[in-house]
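Chemist: The numbering of the sequence shown is the numbering used here, which starts it at 20 and goes up by one. Structure provided below as structure tokens; questions to follow.
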Amino acid sequence: MSELLRTLRTGDENLTGTFDRAFAPAHNPWRQLGSLAFLCLVISVVSGIIAFALYDTSVAGAYESGRRLQLDPLLMGRLLRGLHRYTADAFMFLTLLHLLREGLRGHYRGIRWFSWITGIPLIWLLWIAGITGFWLLWDERALYSVNATAEWLQALPLFSDLLTRNFLTATSLTDRFFSLVVFMHIGLPLFLLAGVWIHIQRVSNVRIWPPKTLTIGTIAMFTILALLVPAESMGPANTGRLPTHIDLDWFYLLLHPAVDWLSAVGVWWLVAITTALLTALPFFPKRAQQRSTEPPSQAAVVDLSNCNGCSRCVADCPFGAVVMVPRTDGLHHQQQASVIADMCAACGICVGSCPSSTPFRRIEDIVSGIELPHKPVVDMRKQLQQKVGALTGTSKIMLFSCGQTADWQSLADASTAVLTLECAAMLPPSFIEYALRLGAEGVVIAGCRESDCEFRLGDRWVQDRMTGEREPRLRAAAPRDRIAVVWAGNQRDMLLRTVAELRHSLTLIAPSEDSPTIQASPAQLHESHDD
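Here is the structure:
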């Protein structure tokens, strides 16, 4: 990970921490930008469908349709228009924030290229759907926007100078124009919904909806906003003249003043260059310095002699890269795991879920049912034995660190050993007990910020395995008071505080004859462990 991306990630974590002080991590809206945007899209579509049932799609009746809703004495029309308008604005705003955050975190490279590229056209579909919604009101703002858009379009060779004049005279504007706009405004949101479905195809356990509490709060906020600050039409459109003062919606109508600032051709170049750069981001080569400092990551591989077809790796894979297929080696198991290499993030979460990824196996060169070739389980066990065996200080602590955060090897000393994994969820729970039985007095697992795992689901699976809600479980006999989990991300102070607190608590724990902190040799552990 480049220093620039790490710096940007730290800044994002600081902002996220600010929201965490007001919301629980799982309900932090900064982490729910995509799901909140989808919620706003659904509210806008539903309210728009109801409004369409009350809308007159004609030149003469369009304006009055909007006015009737606006002046509804029961305020239901005001609520309907407000929900439709404000959630549409929020959808655009949250989508752009989602794009910005994912881009700053580098979530356009590797297996995320598909989600990144399929998301870019959605922005333009969203903009077209939104701007045509303003035209349907056929007020002064709509007339201004229609003509400003026509002037922008005619900068292209495809359009002629007659395009603008078609909207400036009453005789040239017919009901067919409104039929076209209605088709665009209603049809494009359907394409948006289909586009969102395509956008999330290569991720599993996707969070389509925000948490229930956040959903209710969002709907309540927009309801209050719609009633207190109604979305109102301007004066009726007069095709014989253009208005001199316009209240713009800066989420969808920013294009028009941009044309005044940069010229129509300048805005076209800006749109084309921005779209091209965003689309090309996944294909930009990494800097040579970054390539040289990052170890090569390889897709997970399946070892059939150790795969029993349990499908835990399939359930835990955050990107749907592991699937179950019919058995090919003739063993009695009906199925086997298979890895789709170009969808694998090499996060190692599948390794942590495999029942054969246990260090207590008597085989010297153990092999897991599913492995990362560049970081096999046998190397993890050997490193753990060496690192714990080298500890000479008091209150010995084994720190298992996520490799997507800061490099915590600098924390290693006579009392602290550090083993870096691709993801905190790559750690099989049995390795925790193994470290304690080797002689570590305490174990710390450090990962990305809570609900903000670089690989999406790592923190959830670690918590569920620790509490026994998900296989493989941390055994009930494991001493929980000697184990700490901290979602510190790049926050060094948070991690140091957790290590210090655990070390202090270890001094208060009275040793017992069953204490697992008495150092044992690997051979003794293999003989004594109950498989």
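The C-beta atom is built at its ideal place from N, Cα and C for all residues, glycine as well.
For Ala444, which option in Cys373, Phe302, Val78 has the closest C-alpha, if you only look at C-alpha atoms?
Modeler: Nearest option by C-alpha distance: Cys373.
Chemist: How about the stretch 40 to 50 and the stretch 458 to 472: do they share at least three Cβ pairs that are nearer than 8 Å?
Modeler: Because the criterion of three Cβ pairs below 8 Å is met, the stretch 40 to 50 and the stretch 458 to 472 touch.
Chemist: Are the beta-carbon atoms of Gly416 and Ala459 separated by less than 8 Å?
Modeler: Just to set this straight, residue 416 is Ile in the shown sequence, not Gly. It is a contact, given that the beta carbons lie within the stated cut-off.
Chemist: Comparing alpha-carbon positions, which option in Pro44, Arg28, Met513 lies nearest Arg479?
Modeler: With distances taken between Cα atoms, Arg479 lies closest to Pro44.
Chemist: Would you mind working out which of Trp228, Ala299, Leu175 sits nearest Ile62, comparing C-alpha positions?
Modeler: Comparing Cα positions, the closest option is Trp228.
Chemist: From Tyr163 to Trp154, what does the alpha carbon distance come to, in whole angstroms?
Modeler: For Tyr163 and Trp154, the distance between alpha carbons rounds to 9 Å.
Chemist: Where in the stretch 252 to 292 do unbroken runs of the alpha helix (DSSP H), each at least 4 residues long, occur, reported from the N-terminal end onward?
Modeler: Counting whole runs of 4 or more residues, the stretch 252 to 292 contains the alpha helix (DSSP H) stretches 274 to 281.
Chemist: Just to confirm before moving on: does the CB-CB distance between Ala250 and Arg86 stay below 8 Å?
Modeler: No, Cβ-Cβ distance for Ala250 and Arg86 is not below 8 Å.
Chemist: Taking 8 Å as the cut-off, decide whether the C-beta atoms of Gln135 and Leu300 are in contact.
Modeler: One point to set straight first is that residue 135 is Trp, not Gln, in the sequence displayed. Cβ atoms of Trp135 and Leu300: closer than 8 Å.
Chemist: Is Thr294 helix, strand or coil when you go by DSSP?
Modeler: Of the three classes helix, strand and coil, the one that applies to Thr294 here is helix, per DSSP.
Chemist: Between which two residues does the beta strand (DSSP E) holding Gly461 run?
Modeler: Note, Gly461: beta strand (DSSP E), 461 to 465.
Chemist: Does the stretch 391 to 405 come close enough to the stretch 368 to 383 to have 3 or more Cβ pairs within less than 8 Å?
Modeler: Enough Cβ pairs lie closer than 8 Å, so yes.
Chemist: Taking the alpha helix (DSSP H) that Leu430 belongs to, which residues open and close that run?
Modeler: Note, Leu430: premise wrong, no alpha helix (DSSP H); not H, not E.
Chemist: Is it true that the CB of Cys421 sits closer than 8 Å to the CB of Leu403?
Modeler: Contact flag unset, no.
Chemist: Buried or exposed: which applies to Arg28, given that a residue is buried once 16 or more other Cβ atoms fall within 10 Å of its Cβ?
Modeler: Buried, since its Cβ has 16 or more Cβ neighbours within 10 Å.
Chemist: Output the distance between the C-alpha atoms of Gly487 and Leu267, rounded to the nearest integer angstrom.
Modeler: In a straight line, the C-alpha of Gly487 is about 55 Å away from that of Leu267.
Chemist: Does DSSP put Glu390 in a helix, a strand or coil?
Modeler: Three-state DSSP puts Glu390 in a strand.
Chemist: Got a sec? Which residues, its chain only, sit under 7 Å from Cys59 by beta carbon, not counting five neighbours each side?
Modeler: Once the five neighbours on either side are set aside, the close Cβ partners of Cys59 are Thr106, Ala109, Phe110, Leu113.
Chemist: Between Met203 and the rest of its own chain, which residues show a CB-CB distance below 6 Å, the 5 nearest in sequence each way excluded?
Modeler: Thr151.
Chemist: For Leu156, tell me which candidate among Arg100, Tyr453, Asn224, Ile147 has the shortest Cα-Cα distance.
Modeler: If we check each option's Cα against that of Leu156, Arg100 comes out closest.
Chemist: Spell out whether any CB of chain D is found under 8 Å from the CB atom of Val201.
Modeler: Among the chains in the structure shown there is no chain D, since it carries only a single protein chain.
Chemist: Using the C-alpha atoms, what's the distance from Asn509 back to Ala425?
Modeler: Cα to Cα, the separation comes out at about 5 Å.
Chemist: What's the C-alpha gap between Asp361 and Arg494?
Modeler: Whole-angstrom Cα-Cα distance: 35 Å.
Chemist: Output needed for Val200: all residues of its chain with C-beta closer than 7 Å, excluding positions within five of it in sequence on either side, in chain order.
Modeler: Only Thr151, Trp154, Leu155 meet the Cβ criterion.
Chemist: So, is Pro392 buried or exposed, given that buried needs 16 or more other C-beta atoms within 10 angstroms?
Modeler: Exposed, because fewer than 16 other Cβ atoms sit within 10 Å of the Cβ of Pro392.
Chemist: Is it a yes or a no for the stretch 488 to 507 touching the stretch 379 to 395, going by three-plus beta-carbon pairs under 8 Å?
Modeler: At 8 Å Cβ cutoff, the stretches do not touch.
Chemist: Would you mind working out which of Gln355, Phe38, Ile389 sits nearest Cys363, comparing C-alpha positions?
Modeler: Closest option to Cys363, Cα to Cα, is Ile389.
Chemist: Excluding sequence positions up to five away, which residues of its chain have a Cβ less than 7 Å from the Cβ of Ala56?
Modeler: For Ala56, where only same-chain residues beyond five positions count, the Cβ hits under 7 Å are Phe110, Leu113, Thr114, His117.
Chemist: Am I right that Asp75 and Ser84 are in contact with their C-beta atoms under 8 Å? What's the rounded C-beta distance?
Modeler: The pair is a contact, with the Cβ atoms about 4 Å apart (cut-off 8 Å).
Chemist: Using the Cβ count rule (16 or more neighbours within 10 Å means buried), how would you classify Ser66?
Modeler: Classification of Ser66: buried, given that the 10 Å Cβ count is 16 or more.
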